[in-house]
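Asker: Structure provided below as structure tokens; questions to follow.
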Amino acid sequence: MRRTLALLTMLVGRSVCAHDLWLEREAGGITLYQGHKYSAHGGAETVSYDVAFVKEAVGLEPGGRTKPLPVPKQTPWRVATTDFSAIHISASSGYWTKTPWETKNLPKTGVTGAIKSWLSEESVKRIDRWTPGTDRPLSDDLEITPTVDPLALKPGDKLVVLVTEGGKPKGGVPVAYGEDTRGATGEDGRVAIRLRHGGMQLIAASVETPLADGKADVAIRSAILQFEIAK
């Protein structure tokens, strides 16, 4: 029963947070995009986001030190270097309310006919090198961390990932890969994912918890782990 509810939560989370986040290496830097470039379902390759979307950014240096990165009020977010072993972005598109007629980017207070409302919090972590520190969480967000070097794997290999929140393992979290929910984390926060293809990899997790702030029914927190393997 617990597993069924967890998988249902994942499906709900992915339906209301319809755009993937990813970090693209380009022109000597890293840029944050959202959209459907790596999705099996349809939609625009990239979708713009508000200048206030990115809340926090951190880079992991090859020596294992973390470095806060600037969050300028511009879009898309970009850092002009590819020297980091990993980059983690925390973001939020704010409150959303669904009515019989439309979905509004507003809290439910003052919205007529509210059916469901949520606070959307998202994060993405890109790993480019396996160096000290890449095997641990870089934030207190819901976060996915590989337990071994994912860059050395090939299609068909299994990768065990650790899902954490507040830096601690989180059990019962459904994890998706390739548009499908592949399983839920155990009490140790771990789950094994078989990599189906080469190239860019996106592994996603999502949790939903009740909110008592009067602005939304629930908070939906989602996380993406991104890395690339040989084709």
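Heads up: the sequence shown runs through residues 111 to 341, numbered per our numbering.
Backbone N, C-alpha and C fix where the C-beta goes; we use that ideal spot for every residue, glycine too.
Pick from A326, I140 and E171: whose alpha carbon is nearest that of G204?
Answerer: Nearest option by C-alpha distance: A326.
Asker: If you reduce the DSSP assignment to three classes, tell me which class K325 lands in.
Answerer: Coil at K325, not helix or strand.
Asker: Three or more C-beta pairs closer than 8 Å, one from the stretch 137–145 and one from the stretch 177–193: is that the case here?
Answerer: Output reads yes: the stretch 177–193 touches the stretch 137–145.
Asker: Nearest CA to the CA of G299: which residue from A315, V273 and P320?
Answerer: Ranking A315, V273 and P320 by Cα distance to G299 puts V273 first.
Asker: Once you ignore the five residues that flank T209 on each side, which residues in its own chain have a CB closer than 8 Å to its CB?
Answerer: V221, T222, G223, A224 and I225, listed in sequence order.
Asker: Helix, strand or coil: how does DSSP classify E179 here?
Answerer: Sequence check: residue 179 is Leu here, not Glu. L179: strand per DSSP, three-state reduction.
Asker: Using the beta-carbon count (16 or more within 10 Å), is R135 buried or exposed?
Answerer: Result: exposed.
Asker: Note down the Cα distance separating Q336 from W240, rounded to an integer number of angstroms.
Answerer: Between Q336 and W240, the C-alpha separation is close to 13 Å.
Asker: Note down, in chain order, each residue of its chain lying with its Cβ closer than 8 Å to the Cβ of T119, except the 5 sequence neighbours on either side.
Answerer: Unreliable positioning characterises T119 in this predicted model, as indicated by a pLDDT of 41, which lies under 50. The coordinate reading is nonetheless provided below. If we look at T119 and ignore the five residues flanking it on each side, its Cβ neighbours are P284, S316, V317 and E318.
Asker: Does any residue of chain D have a CB that is nearer than 8 Å to the CB of A162?
Answerer: In the structure shown, chain D cannot be found, because there is only a single protein chain.
Asker: Opposite L248 in the DSSP bridges: which residues?
Answerer: According to DSSP, L248 bridges with nothing at all.
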